[in-house]
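Colleague:
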Amino acid sequence: MKYSIYKIVITAIIGLCVIAPIATFATYYTNSQDEKSTNLEINILQSIDDDNMYKNIKSLSKKPRVAGTEQEDEAVGYIKKQFDSYGYKTEVQTFTFNDYTAPHTIELTLDGFIHIVDPSALEYSVSGHVVGEVIPAGLGKVKELQHLDLAGKIVLIKRGDISFKEKMLNAAKKGAAGVIFYNNAPGDIMGSLGEANDSFIPAVLLTQAEGEKLVKQVKNNPDTQATLNIEGAKSITNISHNVIATKKPSNQNNSKIKAKHDIIVISAHHDSVAGAPGANDNASGTAMTLELARIFKTIPSDTEIRFITFGAEELGLLGSNHYVDQLSANEIGRIKANFNLDMVGSKDAGKLTLETIDDKPNLVTELTQAASLKLNGKPTPVNQGDRSDHVPFAKAGIPAALFIHNPAEPWYHKPEDKIDKISKAKLQDVAEIVTLAIMNQTRVEHYAK
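Structure, rendered in structure tokens:
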């Protein structure tokens, strides 16, 4: 669906009672001062294939692609095969991460407590069977614990102010045998200790209502005993991958223009959450990265372009953090832009937006807004956002932005995120905008003269 290339205008010449159809280029092309360059850009944008992106999304989203699983490995192999077929020498960059298997059994019983409690798992908590006196300890800060005898006790701590990890370690240092965390607001509670640690002790989560009732119970009955049983929780070291295809400057074989030392990175994450096939999140961004790699392979440019799909984004941007961490100072200085594609094809999501970590414009947003203005008649809006793989680049001082449709679709991170929810029109629109933005930065027009 290459709907942004041409516009059809119908002009009515009323005085002559004649209606004449006049085909014109969009304003962008009409205003171009370089006709040869304009023709090149039109040809390139017309070559973007939404069917090709759709096919790749369909292949990638047959099942979930959780980082560290066989399904992620299959996706990595598929992505590499596609890059290779376009003529790239593809690198698979492997990294390790701490993975966690949630417990299959969580039990909490309290002597004399008449209310039913339904404890939840705390990610990275350890297995164990603990029996001990329940001791309320406020927010679990060092000062609150310093005069308490917690040896062999189960500590009751409210959420807030400091992390679960810090609260946990504070209690463990005082000899506590277990921890019961409870929420500081109504509703369900979820939480994580962030990573594995040998000093962790068994812990569970309760709602605010459950926790406050337990605090009252313990105050009235200071010797309240609890039994905490957690089975099946374990932390392991797992492996994920980034897939990298690099296009070197075309002038290496063409003396018309001297190469810049600049690098542009186009990225997306290829993993999904458990239980979700991840057609939009984020097979859509992965497929678009593949399509842009196919398109740019034959486009002359004076800039190195790296096409990267990251692993383990859903676990905390692990793949992109690893990639940026291993860059040399020279490479960081040379990377002028990161175009990060995440959730770019949903039928029922909102409009395309750009997100930067500080809500401020940068080279990526400026190039993109210029391209979207020329193609669609209005610039893509910029918002603040720090939940995708553009973040490590931005923190390293590299201009970076996320391309995403907002608000998100109803099936975000759900089993319904399947191929039938994908819009070819949205894929085409975003791909054209990104392509034109990068073309303008890599000066391809110099080769059209």
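Here this note's numbering = 1-based position in the sequence shown + 20.
The C-beta atom is built at its ideal place from N, Cα and C for all residues, glycine as well.
Computed from a predicted structure; not experimentally measured.
Short check: CB of Ile155 to CB of Leu168, under 8 angstroms?
Modeller: Yes, the pair counts as a contact, with Cβ atoms nearer than the cut-off.
Colleague: Please classify Met73 as buried or exposed, where buried requires at least 16 neighbouring CB atoms within 10 angstroms.
Modeller: Label assigned to Met73: buried.
Colleague: Taking the alpha-carbon of Glu111 as reference, which of Tyr202, Lys267, Glu215 has the nearest alpha-carbon?
Modeller: Ranking Tyr202, Lys267, Glu215 by Cα distance to Glu111 puts Lys267 first.
Colleague: Assuming Phe359 is part of the alpha helix (DSSP H), what are its boundary residues?
Modeller: Not the alpha helix (DSSP H): Phe359 falls in the beta strand (DSSP E), residues 355 to 361.
Colleague: Suppose only complete runs of 4+ residues qualify. What are the alpha helix (DSSP H) ranges in the stretch 317 to 346, listed by chain order?
Modeller: Listed in chain order, they are 338 to 345.
Colleague: By a C-beta neighbour count over all protein chains shown, 10 Å radius and 16 as the cutoff for buried, is Val162 buried or exposed?
Modeller: Counting Cβ neighbours within 10 Å, Val162 comes out exposed, since fewer than 16 surround it.
Colleague: Is Asp440 near the ligand FMN, judged by its Cβ being under 7 angstroms from some heavy atom?
Modeller: For the ligand FMN, the structure offers nothing, since it holds no ligand at all.
Colleague: Going by DSSP in three states, Phe45 sits in which element: helix, strand or coil?
Modeller: The predicted model places Phe45 with a pLDDT of 32, which falls under 50 and marks its position as unreliable, so this point remains unresolved.
Colleague: Is the stretch 381 to 393 touching the stretch 350 to 367, taking contact as three or more C-beta pairs under 8 angstroms?
Modeller: Yes, the stretch 381 to 393 touches the stretch 350 to 367.
Colleague: When the Cβ atoms of the stretch 217 to 225 are set against those of the stretch 65 to 80, are three or more pairs found closer than 8 angstroms?
Modeller: With the cut-off at 8 angstroms, the stretch 217 to 225 and the stretch 65 to 80 do not touch.
Colleague: Find out if the Cβ-Cβ distance for the pair Pro84, Glu251 is shorter than 8 angstroms.
Modeller: In this structure, Glu251 does not lie closer than 8 angstroms to Pro84 by Cβ.
Colleague: Is Ser140 helix, strand or coil by DSSP?
Modeller: Correct three-state label for Ser140: strand.
Colleague: Work out the CA separation of Ile325 and Pro41 for me, nearest whole Å.
Modeller: With a pLDDT of 32 at Pro41, under the threshold of 50, the modelled position of that residue is not reliable, and the figure given next carries that caveat. Those two C-alpha atoms are separated by around 42 angstroms.
Colleague: Mind listing, in chain order, the continuous beta strand (DSSP E) runs of no fewer than 3 residues lying wholly within the stretch 356 to 435?
Modeller: Entirely contained in the stretch 356 to 435, the beta strand (DSSP E) runs reaching 3 residues are, in chain order, 371 to 376, 402 to 404, 420 to 426.
Colleague: Given this structure, state the Cα-to-Cα distance separating Leu225 from Thr244, to the nearest angstrom.
Modeller: So the two alpha carbons sit approximately 18 angstroms from each other.
Colleague: Quick one: residues in its chain with C-beta nearer than 7 angstroms to the C-beta of Leu248, no 5 flanking neighbours on either side, listed in chain order?
Modeller: Only Leu128, Val150, Ile174, Gly198, Pro222, Val224 meet the Cβ criterion.
Colleague: When the distance is taken between beta carbons, is Gln113 closer than 8 angstroms to Asn262?
Modeller: Yes. Within cutoff.
Colleague: Any idea what DSSP makes of Thr455, helix, strand or coil?
Modeller: The answer is helix: DSSP assigns Thr455 an H, G or I state.
Colleague: Using the three-state DSSP reduction, which class does Ala40 fall into: helix, strand or coil?
Modeller: In this prediction, Ala40 scores a pLDDT of 34, lower than 50, which makes its location untrustworthy; no coordinate-derived value is stated.
Colleague: Determine the DSSP secondary structure at Ala191, reduced to helix, strand or coil.
Modeller: In the structure shown, Ala191 sits in a helix (DSSP, three-state: H, G or I).
Colleague: Enumerate in chain order the residues of its own chain whose CB-to-CB distance from Leu165 is below 6 angstroms, with the five nearest sequence positions on each side excluded.
Modeller: So the list reads Ala157, Asn190, Lys194, once near-sequence residues are dropped.
Colleague: With Gln91 as the anchor, note down where its alpha helix (DSSP H) starts and where it stops.
Modeller: It spans 90 to 105 - the alpha helix (DSSP H) in which Gln91 sits, taken as one unbroken run.
Colleague: Please return the same chain residues whose Cβ sits closer than 7 angstroms to the Cβ of Thr306, not counting the five positions on each side in sequence.
Modeller: Excluding sequence neighbours, Thr306 sits near Leu80, Ile99, Ala288, His290, Thr329.
Colleague: Assign Met188 to buried or exposed, taking buried as 16 or more other Cβ atoms, counted over all protein chains shown, within 10 Å of its Cβ.
Modeller: Per the 10 Å Cβ criterion, buried.
Colleague: Within 8 angstroms, do at least three Cβ pairs link the stretch 295 to 312 to the stretch 233 to 244?
Modeller: No: fewer than three Cβ pairs fall under 8 angstroms.
Colleague: Scan the stretch 255 to 319 and note each continuous alpha helix (DSSP H) run of 4 residues or more that stays entirely inside, going in chain order.
Modeller: Counting only runs of 4 or more, we get 305 to 316.
Colleague: From Ala451 to Met308, what does the alpha carbon distance come to, in whole angstroms?
Modeller: Looking at the two C-alpha atoms, the distance is approximately 7 angstroms.
Colleague: Hey, does Lys254 have any beta-carbon neighbour from chain B nearer than 8 angstroms?
Modeller: Absent here is chain B; the protein component of the structure consists of one chain.
Colleague: Whole-angstrom Cβ separation of Ile453 and Glu375, contact assumed at under 8 angstroms?
Modeller: Contact doesn't hold; Cβ gap of about 15 angstroms is too wide.
Colleague: Do Ile352 and Gly295 have their beta-carbon atoms positioned less than 8 angstroms apart in this structure?
Modeller: In this structure, Ile352 does not lie closer than 8 angstroms to Gly295 by Cβ.
Colleague: Please state whether DSSP places Thr58 in a helix, a strand or coil.
Modeller: DSSP places Thr58 in helix when its eight states are reduced to three.
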